[in-house]
Amino acid sequence: MNPAEGYDVLRLIEHGRICYISSEYVEGTTLIKWLKYRPNLSKEQLFSWIHNLARQLECIHKCRGEPCYRYVNPYSVIVTEEKELYFLDMSAKSNEQALSRMTRRTVREHFLPSEQACYETESISLDIYGLGKTIQYLLSVSKLEPGLTRREEARFQKIISTSLNRHSGRAYTNLPELRKQIPIYKEAKKRPAYRRRLLLAASVLSAALGMNTFLQPPSSFSEQKQGAARREPEIPAKEVQLDEKKEGRETRDEAAGLKEELGILYFLEQKDYAKSREYFADIEGDPLADKMAELSEYMSAENVSGREQRLESLLFEIEDEVRESIGVKEQKNYFLCLLEGYRFLDSAEAAEAVLRLCDACIGNIGEEPREEAKQMLTGYMARAYERTGKQREAIESYETMLTWEPESAAREELYKKLTFLWIDAGEPGQAESVCRQGIEELTDCTELRLVHIRIQCADEAVERETCAQTIQQYIGETPEIVEDEEFQKLANEYGIAVEGEQVWVGR
Numbered sequence: 021m022n023p024a025e026g027y028d029v030l031r032l033i034e035h036g037r038i039c040y041i042s043s044e045y046v047e048g049t050t051l052i053k054w055l056k057y058r059p060n061l062s063k064e065q066l067f068s069w070i071h072n073l074a075r076q077l078e079c080i081h082k083c084r085g086e087p088c089y090r091y092v093n094p095y096s097v098i099v100t101e102e103k104e105l106y107f108l109d110m111s112a113k114s115n116e117q118a119l120s121r122m123t124r125r126t127v128r129e130h131f132l133p134s135e136q137a138c139y140e141t142e143s144i145s146l147d148i149y150g151l152g153k154t155i156q157y158l159l160s161v162s163k164l165e166p167g168l169t170r171r172e173e174a175r176f177q178k179i180i181s182t183s184l185n186r187h188s189g190r191a192y193t194n195l196p197e198l199r200k201q202i203p204i205y206k207e208a209k210k211r212p213a214y215r216r217r218l219l220l221a222a223s224v225l226s227a228a229l230g231m232n233t234f235l236q237p238p239s240s241f242s243e244q245k246q247g248a249a250r251r252e253p254e255i256p257a258k259e260v261q262l263d264e265k266k267e268g269r270e271t272r273d274e275a276a277g278l279k280e281e282l283g284i285l286y287f288l289e290q291k292d293y294a295k296s297r298e299y300f301a302d303i304e305g306d307p308l309a310d311k312m313a314e315l316s317e318y319m320s321a322e323n324v325s326g327r328e329q330r331l332e333s334l335l336f337e338i339e340d341e342v343r344e345s346i347g348v349k350e351q352k353n354y355f356l357c358l359l360e361g362y363r364f365l366d367s368a369e370a371a372e373a374v375l376r377l378c379d380a381c382i383g384n385i386g387e388e389p390r391e392e393a394k395q396m397l398t399g400y401m402a403r404a405y406e407r408t409g410k411q412r413e414a415i416e417s418y419e420t421m422l423t424w425e426p427e428s429a430a431r432e433e434l435y436k437k438l439t440f441l442w443i444d445a446g447e448p449g450q451a452e453s454v455c456r457q458g459i460e461e462l463t464d465c466t467e468l469r470l471v472h473i474r475i476q477c478a479d480e481a482v483e484r485e486t487c488a489q490t491i492q493q494y495i496g497e498t499p500e501i502v503e504d505e506e507f508q509k510l511a512n513e514y515g516i517a518v519e520g521e522q523v524w525v526g527r
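Number 434 in my numbering belongs to position 414 of the sequence shown; there are no gaps in the numbering.
Here it is as structure tokens:
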């Protein structure tokens, strides 16, 4: 490893809810260079570093004037000989060379969002984005001992995804939110820990920054896989034959495997279909990758008018290829990609395919975020049941969605959906009950009140006086309802007349 150099770094001092910044001189090396020569890390050390970086960044944000650090990336973090981490003092003249290095295009492209051309602006969300990228980098190049558990791996995947999706409704708004999600290191029990590398952009960073050594898999990884294989129970002969068919894909070179992982990552996590297509198209001699590149192209267009038949055929082809050549545990991510493609199609065959894929994915969900994945799949299934005329199954799925959906607007749509499904199922009483439940919960909702008025007026068994009383009640609760266009339609259709506080329903 290169000898340590001297740097002016930030010294952060916390005092209650306030933090003070000073500068001090330390000897060390940048995190990116340190990991290049010392990729082997204990899991305890890695967890400690990630917690430390998040804590320091939070401390910076708590300083007077609520400043942001701006330059959050592996070049701005210094590792001392004692393995302590510090952020560079970017205001120090001694760090001008480091600052110049950080403004290079190759660095900016990988540690700033695509819409941010350079390190000119500052914001908490950009600091969080940089921290997410730095965590992603740490996990992609480190050779951990012991390896991450499935739960830890899923937790970090969620942290990275939430950090990078700055404009989503679930994006972190401050560092405390992110810090709560970072796993706490716990000493492994005697049973062997599960280990596999995250689907992270190691190859992108390595190619851009000239670190091809990071593409080499840890020497202990293959040994660990072999050890795990020896511990596996005896596999039925039929499954052994299927595994032999898939051997060709498993023995592909490491670069192709990373491109495949990156293609899926950009497709599912980043929704960057153009980038996903680039990676799949760059894999030579792989029919599945060729088809995934074509699917990514469809997703980029966001408009498949006139090409639905080819898209549906392509989705079926990909499913067949995946079931034929991919191991069961690895099929889920491909099936999730297919589910994204099926949102363009309205055919009964497409709906049946969605149900089939969801069923396969539900049986292959990891430990975490298991509930989040089940919720997403339930949404897919609810819409597919509805399209295939399976009202009871659709109702059950939408009722399940109501149990976890927190957003008022989404809950309103679910109540309306359930109301109409009960009507289609020939259960107007259930429809009215669900509609009333939504009105009681969402007290300012006009649309549900209009739906309820229509249900009552359309039911000849309901007395007109009862309809008038309901309308009168709703006008008192939401006076603006009489100005609504839908109310005007109802008035013409059912002879509703409103004079002052009096209401009549003619027919």
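Every residue, glycine too, gets a C-beta built ideally from N, C-alpha and C. In this text the structure is predicted, and so the values were computed from the model without any measurement.
Beta-carbon separation of residue i and residue j under 8 Å?
i: Y106; j: I148; result: no
i: F300; j: L331; result: no
i: G458; j: E432; result: yes
i: R470; j: D444; result: Contrary to the premise, residue 470 reads as Leu rather than Arg in this sequence. No, the Cβ-Cβ distance between L470 and D444 is not below 8 Å.
i: L77; j: V92; result: yes
i: M319; j: G361; result: yes
i: E339; j: L358; result: yes
i: N159; j: A74; result: Before going on, a small fix: residue 159 reads as Leu here, not Asn. No, the Cβ-Cβ distance between L159 and A74 is not below 8 Å.
i: Y40; j: G26; result: no
i: L438; j: E419; result: yes
i: I180; j: G152; result: yes
i: C411; j: L441; result: Before going further, note that residue 411 is Gln rather than Cys in the sequence given. In this structure, L441 lies closer than 8 Å to Q411 by Cβ.
i: I475; j: A511; result: no
i: L164; j: L66; result: yes
i: C79; j: E142; result: no
i: D28; j: S42; result: no
Under the three-state reduction of DSSP, which class applies to residue i: helix, strand or coil?
i: N353; result: helix
i: V518; result: strand
i: W442; result: helix
i: W524; result: strand
i: I204; result: coil
i: V127; result: helix
i: F364; result: coil
i: I38; result: strand
i: L108; result: strand
i: N60; result: strand
i: S188; result: coil
i: V46; result: strand
i: P196; result: helix
i: N512; result: helix
i: S134; result: coil
i: S143; result: coil
i: T498; result: coil
In terms of alpha-carbon separation, which member of the options lies closest to residue i?
i: G409; options: A371, N185, G383; result: A371
i: I33; options: Y354, I155, Y27, K82; result: K82
i: N115; options: Y205, K295, A488, T50; result: T50
i: S96; options: Q492, F131, D379; result: F131
i: C487; options: V525, C88, F507; result: V525
i: E460; options: E427, A430, Y494, E480; result: Y494
i: P94; options: L119, E165, A112; result: L119
i: C378; options: S296, M401, Q395; result: M401
i: L168; options: E452, S183, S62; result: S62
i: F355; options: A393, T141, A294; result: A393
i: I202; options: Q411, F440, E64; result: E64
i: V161; options: L55, G515, A481; result: L55
i: E521; options: Y514, F507, G496; result: G496
i: Y205; options: L195, P166, Q177; result: P166
i: A404; options: A517, L285, Y286, L375; result: L375
i: H71; options: E427, T154, H35, R121; result: T154
How is the beta strand (DSSP E) around residue i delimited, first residue to last?
i: E116; result: Per DSSP, E116 belongs to no beta strand (DSSP E); it is in the alpha helix (DSSP H), 116 to 122.
i: K56; result: Note, K56: premise wrong, no beta strand (DSSP E); alpha helix (DSSP H) at 51 to 57.
i: D28; result: 25 to 35
i: F287; result: Counting along the chain, F287 falls outside any beta strand (DSSP E), and DSSP gives it neither H nor E.
i: T100; result: 97 to 100
Could you pull the start and end residues of the alpha helix (DSSP H) that residue i belongs to?
i: K178; result: 170 to 184
i: E165; result: Taken as a continuous stretch (DSSP letters only), E165 belongs to no alpha helix (DSSP H), being part of the beta strand (DSSP E) at 163 to 165.
i: S68; result: 63 to 81
i: T466; result: 466 to 478
i: D504; result: Looking at the DSSP string, D504 is not in any alpha helix (DSSP H), and its letter there is neither H nor E.
Since I believe residue j is in contact with residue i (beta carbons under 8 Å), could you give me their beta-carbon distance rounded to a whole number of angstroms?
i: C381; j: K349; result: So it is not a contact: roughly 12 Å between Cβ atoms.
i: T463; j: E500; result: Actually they are not in contact, since the Cβ atoms of T463 and E500 sit about 14 Å apart, beyond 8 Å.
i: R407; j: D366; result: 7 Å
i: A309; j: E337; result: That belief does not hold up - the Cβ atoms of A309 and E337 are roughly 13 Å apart, past 8 Å.
i: L334; j: L315; result: 6 Å
i: L184; j: Q329; result: Rounded, the Cβ-Cβ distance is 35 Å, inconsistent with contact.
i: R297; j: A313; result: 5 Å
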